[in-house]
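Asks: If you use numbering that gives the first Met the number 0, the sequence shown closes out at 176, no skipped numbers anywhere.
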Amino acid sequence: MREEHEVIERMLTVLEAAAVRLVAGEDVSPEVFRSVIDFVRTFADGCHHHKEEEALFPALEARGMPKEGGPVGLMLIEHDEGRRLIRELDAAVGRLAEGDADARADIAQAVRAYVELLRNHILKENEVLLPMADRLLVADEQQKLSESFERIEKAQAGPEVHERYHRLVEDLEKQFL
């Protein structure tokens, strides 16, 4: 999970850099933003968050961590907020592609909000939730969780899709950083 966080954080840096250039008046293709949105929807949300929602969070709940009013509930709220912000970004990118210059500011606003949300979200998971999981889940449960992650990854994307997104991050880093 932490390795996936690193890849997601790298893409957040790229997204932020692309938005800065866009607001500075540079031409940034809507396709750049669309590729990041695809990454978020498929890799960050579709695979990574799916692993959390379908495997990690239920395992933690089974060990007594409450869903409501605790870290799991907060993570779920943040997942939903991230999805909302990506929908906003997608709509603004669509307007940019249609020639709406005002969309630049909306893209920048959605990017700032999304990047801030995800960076804080990842920090909470890395510093609080995952260490709690390491303490709560015994070796057998961690093994089952790992197997669930593999099953979910194969069903959602598969290793070749992960590799494609890793290459996308690298390509965009070369272009924007």
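Every residue gets a Cβ at the ideal spot worked out from N, C-alpha and C, and that includes glycine.
1. Taking the C-alpha atoms as reference points, what is the distance between residue 130 and residue 6?
2. Quick check: what's the CA-CA separation for residue 91 versus residue 40?
3. Round the Cβ separation of residue 113 and residue 84 to the nearest angstrom and send it over; I've been treating them as touching at under 8 Å.
4. Please list, in chain order, all residues of the same chain as residue 44 whose beta carbon is under 8 Å from its beta carbon, the five residues on each side excluded.
5. Taking all protein chains shown into account, decide if residue 34 is buried (16 or more other Cβ within 10 angstroms of its Cβ) or exposed.
6. Assess, as a yes-or-no matter, whether the segment 132 to 142 is touched by the segment 59 to 77 under the definition of 3 or more beta carbon pairs within less than 8 Å.
7. If you drop the 5 nearest sequence neighbours on each side, which residues of the same chain put their C-beta closer than 8 Å to that of residue 151?
8. Where does residue 23 fall in DSSP's three states?
9. Please confirm whether residue 32 and residue 167 have their CB atoms less than 8 Å apart.
10. Please state whether DSSP places residue 100 in a helix, a strand or coil.
11. Mind checking whether residue 89 and residue 36 have CB atoms under 8 Å apart?
12. Have a look at 158, 125, 12 and flag the residue whose alpha-carbon is nearest the alpha-carbon of residue 171.
13. Which two residues bound the contiguous alpha helix (DSSP H) that contains residue 54?
14. When you compare the CB positions of residue 160 and residue 107, do they come within less than 8 Å of one another, or not?
15. From this set, 42, 99, 28, 75, which residue's C-alpha is nearest residue 2's C-alpha?
16. Give me the Cβ distance between residue 87 and residue 109, rounded to the nearest whole Å; I'm assuming they're in contact under 8 Å.
17. Would you mind sorting residue 154 into buried or exposed? The rule is 16 or more other CB atoms within 10 Å of its CB.
Replies: By the coordinates alone:
1. 20 Å
2. So the two alpha carbons sit approximately 16 Å from each other.
3. 4 Å
4. 78, 81, 82, 85
5. buried
6. yes
7. 46, 49, 50, 53, 54
8. coil
9. no
10. Coil.
11. yes
12. Nearest C-alpha to residue 171 among 158, 125, 12: 12.
13. Here residue 54 belongs to no alpha helix (DSSP H), and DSSP marks it neither H nor E.
14. no
15. 42
16. 5 Å
17. exposed
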